[in-house]
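Structure first, commentary second.
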Amino acid sequence: MKYMLLIYGNEEAFTSIGAETLAELIRETDALNQELFESGELVGAYGVADQVNAKMVRVTGGTPAVTDGPYAEAKEYLGSFTIVDCDSLERALEIAARNPSSRYWGVEVRPLMHEANVGP
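Residue numbers (the UniProt record's numbering): 1 to 120.
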């Protein structure tokens with residue numbers, strides 16, 4: 001089963017731990033991702049651009065309208081996400097607990113319900 005591990009924060013939260021700690025957090029995350037890649041459990045891990053770079057597309061009456069910003073006002077926003085393919089929710093929770101961000105902001109774990117059928 002695939003699970004999405006989500007990390008939320010904001011610029012204040014990310015800078016509050018200091019540049020050296022943030023650099024170590026990134027190194028630890030990269031090492032965990034490498035381990036998960038080698039075990040075949042890592043589907044992908046992605047950092048996302050700051051929310052000021054987000055766009056929202058809504059189609060009304062067949063006409064698309066593009067606006068700036070996230071879909072909802074919030075103090076925290078999605079900073080990154082990882083998708084893992086593992087045997088159980090327990091394993092996904094174990095992986096989330098090993099993510100260095102769990103020590104600072106927490107890691108949300110969500111099962112992915114379905115996958116798009118593409119290709120031949």
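Even glycine gets a Cβ: it sits at the ideal position worked out from N, Cα and C.
Residue interval of the beta strand (DSSP E) (run including residue i)
| i | result |
| --- | --- |
| D85 | 77 to 85 |
Counted within 10 angstroms of its Cβ, other Cβ atoms place residue i as buried (16 or more) or exposed
| i | result |
| --- | --- |
| P100 | buried |
| L36 | buried |
| Y46 | exposed |
| T82 | buried |
| I95 | buried |
Backbone secondary structure at residue i - three-state DSSP
| i | result |
| --- | --- |
| A92 | helix |
| E115 | coil |
| P64 | strand |
The alpha helix (DSSP H) enclosing residue i, as first and last residue numbers
| i | result |
| --- | --- |
| I26 | 19 to 39 |
| A13 | 11 to 16 |
Any non-hydrogen atom of the ligand GDP within 6 Å of residue i CB
| i | result |
| --- | --- |
| D50 | By its list of ligands, the structure shown contains no ligand whatsoever, and the ligand GDP lies outside what it can speak to. |
Reference residue i, options the options, closest by Cα
| i | options | result |
| --- | --- | --- |
| E38 | N117, A116, V84, E90 | V84 |
| D30 | G69, G61, S80 | S80 |
| R103 | E11, I17, G44, Y3 | I17 |
| N10 | E115, Q51, Y46, E28 | Q51 |
| C86 | G44, Y8, G106 | G44 |
For residue i: DSSP bridge partner residues
| i | result |
| --- | --- |
| V48 | The partner list for V48 (beta bridge, DSSP) is empty, contrary to what the question assumes. |
| R58 | A65 |
Short CB-CB distance (under 7 Å) between residue i and chain B
| i | result |
| --- | --- |
| Y77 | Among the chains in the structure shown there is no chain B, since it carries only a single protein chain. |
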